[in-house]
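In order, the protein sequences belong to chains C and H.
Going by the working numbering, the residue at position 54 of the first sequence is 54; the numbering climbs one at a time, nothing skipped.
Converting from the second sequence to the working numbering requires adding 221 to each position, the first position being numbered 1.
Every residue, glycine too, gets a C-beta built ideally from N, C-alpha and C.
None of the values given here were measured: they were computed from a predicted structure.
Quick notes on the structure that follows.
There are 2 protein chains.
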Amino acid sequence: MEINLSVTEENYIKAIYHLQQADGNVSTNEVAKELATKPASVTDMLKKLKQKKILNYEKYQGFRLSNDGRRIALGIVRKHRLWEYFLVEKLQFGWDEVHEVAEELEHISSKKLIDKLDAFLEYPKFDPHGDPIPDVNGKMAAQPQINLTDLPVNQLAAVSSVGIQSTELLELLKHKNIAIGTKLEVKKKFAFDNSLEIKIKGQNAFTISQQLAQALFVKMV
Amino acid sequence: MEINLSVTEENYIKAIYHLQQADGNVSTNEVAKELATKPASVTDMLKKLKQKKILNYEKYQGFRLSNDGRRIALGIVRKHRLWEYFLVEKLQFGWDEVHEVAEELEHISSKKLIDKLDAFLEYPKFDPHGDPIPDVNGKMAAQPQINLTDLPVNQLAAVSSVGIQSTELLELLKHKNIAIGTKLEVKKKFAFDNSLEIKIKGQNAFTISQQLAQALFVKMV
DNA sequence: AAATAATTTTAGACAAATCTAAAATTATTT
DNA sequence: AAATAATTTTAGATTTGTCTAAAATTATTT
């Protein structure tokens, strides 16, 4: 039942997991960009992962992780986030300097190690960046809903609710092409009037007012 | 100044380090045995390490680490032993189940990580097996001298002093071919009369009495 | 000091993960 | 719906670490 995976394979699985969280179906080019490698290399790996039943993949058709693949990805995410928590809470790293180290630590294979680390840290639910940490069974706490004004720049999030129910607001949202479930990122914050530059995938970026941003709640993705 | 080393290269360096601690000059076959690989593979790696100036090596002549090589080896040993200490003291692993995990953790490259871990652990001097942990500069505490009767089975050690100065004792030591500096291992302990079976490299094992063992002090190697 | 044995090195091959360049397929324009 | 563009895949090469089998060297016997 335990498949042995190389660090490279794990990195592909993790990248595909994150891309499909944001995007649904994943493409060869996206993965190549994410991993700073060439599409041809990605295709080779896709075949390998398909053969190991980690990936549902038909050529030219895009792909997604299988159930097994998702289980493995969650295991890697769990390790990454627990180590980040450890680095910040116990070793006094800054939250902005832990990522690369966690990228290495997440590939340490011992399950016992990670479960004991989890216990030592007293089963934290969120990592230092606010992302939820999967538990032993791969379950994670729901991402808390935050106000759009509090969303970090370049953090993908999905609109989860609107603060007020007014026809005027709905009219504006319709015009801006924003609905519940719309995935967006904040690209810039303007201090002068607290307006935000917003990017929805496949559209050009546009600006929204402070008032509109305050009416929108999102969950990080 | 910072050379990038693969996990494989690091494992070779560590193996050579440990072998030369015990042996002086190291041979291709010894390394192959230690790393469970073939002599031909070792020769390939030796050339590579020589080229990187980590090894003083002339073919057919045996080899030793260069100063740089020793510095690198001490860094790996430092990481291994600090992680072992962490696993036992913080994560409640048994001292006998930490080795394989530490074998993986020792290859995490961040120097900052290991120095912060050292601080978190409050600069321990010895790991759970009693081996000294090198500090940031590669210095380690002298291995404490222990009585031969307390030496664990199969732990290589060097005779460091004798407890009493008698002609009779010296006569016996001469006959048994034991001197200050002689490297030996205890292969068996016999409960009946507390005699020990001793093995000196290149000789057949032989037995010594409890009285003789109590007169000998050793340092682990 | 020859012969034999053991060790070590070379030569050539293989698998994993990558690359470039070209071919195949799908998507988008006009 | 052709033509063009973008994406994806294939084919063939490269690098790293490994292997086996054979050759070279050193060590040990007789």
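Is there at least one Cβ from chain C nearer than 7 Å to residue i's Cβ?
{"i": "H/S331", "result": "yes"}
{"i": "H/K300", "result": "no"}
{"i": "H/F341", "result": "yes"}
{"i": "H/V309", "result": "no"}
{"i": "H/K235", "result": "no"}
{"i": "H/L369", "result": "no"}
{"i": "H/K334", "result": "With the sequence shown as reference, residue 334 of chain H is identified as Leu, and Lys is not the correct amino acid for it. H/L334 counts as touching chain C."}
{"i": "H/V228", "result": "no"}
{"i": "H/E325", "result": "yes"}
{"i": "H/V319", "result": "no"}
{"i": "H/V383", "result": "no"}
{"i": "H/V322", "result": "yes"}
{"i": "H/K274", "result": "no"}
{"i": "H/K360", "result": "no"}
Classify residue i as helix, strand or coil using the three-state DSSP reduction.
{"i": "C/N11", "result": "helix"}
{"i": "C/L19", "result": "helix"}
{"i": "C/V186", "result": "strand"}
{"i": "C/L151", "result": "coil"}
{"i": "H/L400", "result": "For the sequence presented, residue 400 of chain H should be read as Ala rather than Leu. Note: H/A400 maps to coil in three-state DSSP."}
{"i": "C/V221", "result": "coil"}
On the premise that residue j lies in contact with residue i, defined as a C-beta separation below 8 Å, what is that separation, rounded to the nearest angstrom?
{"i": "H/M266", "j": "H/Y233", "result": "5 Å"}
{"i": "H/G283", "j": "H/S330", "result": "Not really, about 30 Å apart at Cβ, beyond 8 Å."}
{"i": "H/L369", "j": "H/V439", "result": "5 Å"}
{"i": "C/S159", "j": "C/I180", "result": "Just to set this straight, residue 159 of chain C is Val in the shown sequence, not Ser. At roughly 6 Å, the Cβ-Cβ gap stays under 8 Å, so C/V159 and C/I180 are in contact."}
{"i": "C/V162", "j": "C/K188", "result": "Between C/K188 and C/V162 the Cβ distance is about 22 Å, and since that is not below 8 Å, they are no contact."}
{"i": "C/T185", "j": "C/K199", "result": "According to the sequence as given, residue 185 of chain C is Glu; it is not Thr. At roughly 5 Å, the Cβ-Cβ gap stays under 8 Å, so C/E185 and C/K199 are in contact."}
{"i": "H/E310", "j": "H/L342", "result": "7 Å"}
{"i": "H/K346", "j": "H/A362", "result": "5 Å"}
{"i": "C/G138", "j": "C/L74", "result": "4 Å"}
7 Å is my cut-off, CB to CB: does residue i come that close to chain H?
{"i": "C/V218", "result": "no"}
{"i": "C/K33", "result": "no"}
{"i": "C/V159", "result": "no"}
{"i": "C/V186", "result": "no"}
{"i": "C/V42", "result": "no"}
{"i": "C/L46", "result": "no"}
{"i": "C/L91", "result": "yes"}
{"i": "C/K183", "result": "no"}
{"i": "C/K116", "result": "yes"}
In chain order, what residues of the same chain lie with their CB nearer than 6 Å to the CB of residue i, ignoring the 5 residues before and after it?
{"i": "H/D348", "result": "R302, E305, Y306, I354"}
{"i": "C/K79", "result": "E106, I114"}
{"i": "H/I429", "result": "L417, I419"}
Give every residue of the same chain whose Cβ lies closer than 7 Å to the Cβ of residue i, excluding the five residues on either side of it in the sequence, and list them in chain order.
{"i": "H/Q272", "result": "none"}
{"i": "H/E251", "result": "L240"}
{"i": "H/L390", "result": "V383, A436"}
{"i": "H/S287", "result": "K274, I275, L276, N277"}
{"i": "C/D193", "result": "Q210"}
What does a CB cutoff of less than 8 Å around residue i pick up in its chain, not counting 5 residues either side in sequence?
{"i": "C/L172", "result": "L212"}
{"i": "C/L156", "result": "A22, K183, L184, E185, M220, V221"}
{"i": "H/A236", "result": "V252, E255, L256"}
Given 6 Å as the limit, tell me if residue i has its C-beta closer than that to any heavy atom belonging to the ligand NAD.
{"i": "H/G402", "result": "Among the components of this structure there are no ligands whatsoever, and the ligand NAD is therefore not found."}
Beta strand (DSSP E) segments (min. 3 residues) lying fully within the stretch 410 to 439 of chain H | Complete beta strand (DSSP E) runs here, min 3: 416 to 421, 427 to 429.
Counting only runs that start and end within the stretch 254 to 324 of chain H, where is the beta strand (DSSP E) found for 3 or more residues in a row?
-> 276 to 278, 284 to 286
Considering only residues of the stretch 103 to 143 of chain C, which uninterrupted beta strand (DSSP E) runs meet the minimum length of 3 residues and lie entirely inside it, listed in chain order?
-> Runs of the beta strand (DSSP E) inside the stretch 103 to 143 of chain C: none found.
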